[in-house]
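Numbering (UniProt numbering), first residue to last: 1 to 301.
For every residue, glycine included, the Cβ atom is placed at its ideal position computed from N, Cα and C.
Below: one structure, written as structure tokens.
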């Protein structure tokens, strides 16, 4: 079934705007998450006094305080411009593709999962260079190698060519296809549950979209999180010097070696570094994205 162009266009607009809003609101959580994911040293609790923490960052609050002290408050929004471009292009491609390939969303969980996977793959291919640049801008310390989006782009192109803009693409495609598929399928499942058992009178209205989105984002991120850690590690390969102030740097030659080294050096816990801020961020981002997506879609109809 071919979708009317108007429906796809409206979904693209709503996806782009909702992605931009959620990115601005949740960017600090993304920055903190990335700092944890790239830290090779163990993350230990400040309450374990008998253990001296080896890593630079040991908790969400300590990470925030450390970044503000060393880099200023604006460091919590590091990489915002490429992150905004990432979210806008990703949201636009994701929702328009899902709208185009979906006949009746939510009726068949498997079909919705596959459609979401296709949408996530398409969105990844369109937005991926912004993802890599965003990660590098967030990952660098002081003094900065990259001063802005254009500086990062030109330096990456001169040092490694186009391939540096696509480092970790395969890992990201694997992660995002599964994650986006789970997001859409669980989003409609949670909506059905809320409509049937929690709010049969439909009093929650648009709040239902935000709640369902938050639960869907939490679920999808929890399942796919180890791939997210590997993706971030691969995206900063060849970017070792600007990260030396954060601790040990390990190089990886592809996804399989990345998995092997993380497990060998950091143990199974290495695949879940930054999980807490990531789950909070996933719930907040997906919740606000779906909330504003449905809100904007209703407005433009």
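- DSSP places residue 109 inside the alpha helix (DSSP H), whose first and last residues are 109-139.
- Straight across, the Cα-Cα distance linking residue 95 with residue 247 is about 39 Å.
- Bounds of the alpha helix (DSSP H) holding residue 155 are 149-160.
- Distance from the CA atom of residue 197 to the CA atom of residue 215, rounded to whole angstroms, is 16 Å.
- Following the DSSP letters along the chain, one finds residue 183 inside the alpha helix (DSSP H) bounded by residues 169-193.
- Sequence-distant Cβ neighbours of residue 199 in its own chain, meaning closer than 8 Å and more than five residues away, are 208.
- In the DSSP assignment, residue 43 falls outside any alpha helix (DSSP H), carrying neither H nor E.
- Taking the C-beta atoms as reference points, residue 213 is found nearer than 8 Å to residue 286.
- The C-alpha of residue 97 lies about 18 Å from the C-alpha of residue 301.
- Per DSSP, residue 76 is not a residue of any alpha helix (DSSP H), being assigned neither H nor E.
- Short of 7 Å from the beta carbon of residue 258, and not among the five residues preceding or following it, lie these beta carbons of its own chain, in chain order: 230, 233, 234, 252.
- Here the C-alpha atom of residue 174 lies approximately 30 Å from the C-alpha atom of residue 296.
- A check of alpha carbon separations from residue 226 across 69, 204, 266, 241 identifies 266 as the nearest.
- At the C-beta level, residue 91 and residue 18 come within 8 Å of one another.
- Excluding five sequence positions before and after residue 262, the CB atoms of its chain that fall closer than 8 Å to its own CB belong to 229, 230, 233, 270, 271, given in chain order.
- Assignment of residue 197 by DSSP, reduced to helix, strand and coil, places it in the helix class.
- No Cβ-Cβ contact shorter than 8 Å links residue 177 with residue 141.
- Residue 239 sits in coil when the DSSP states are folded into three classes, being neither helix nor strand.
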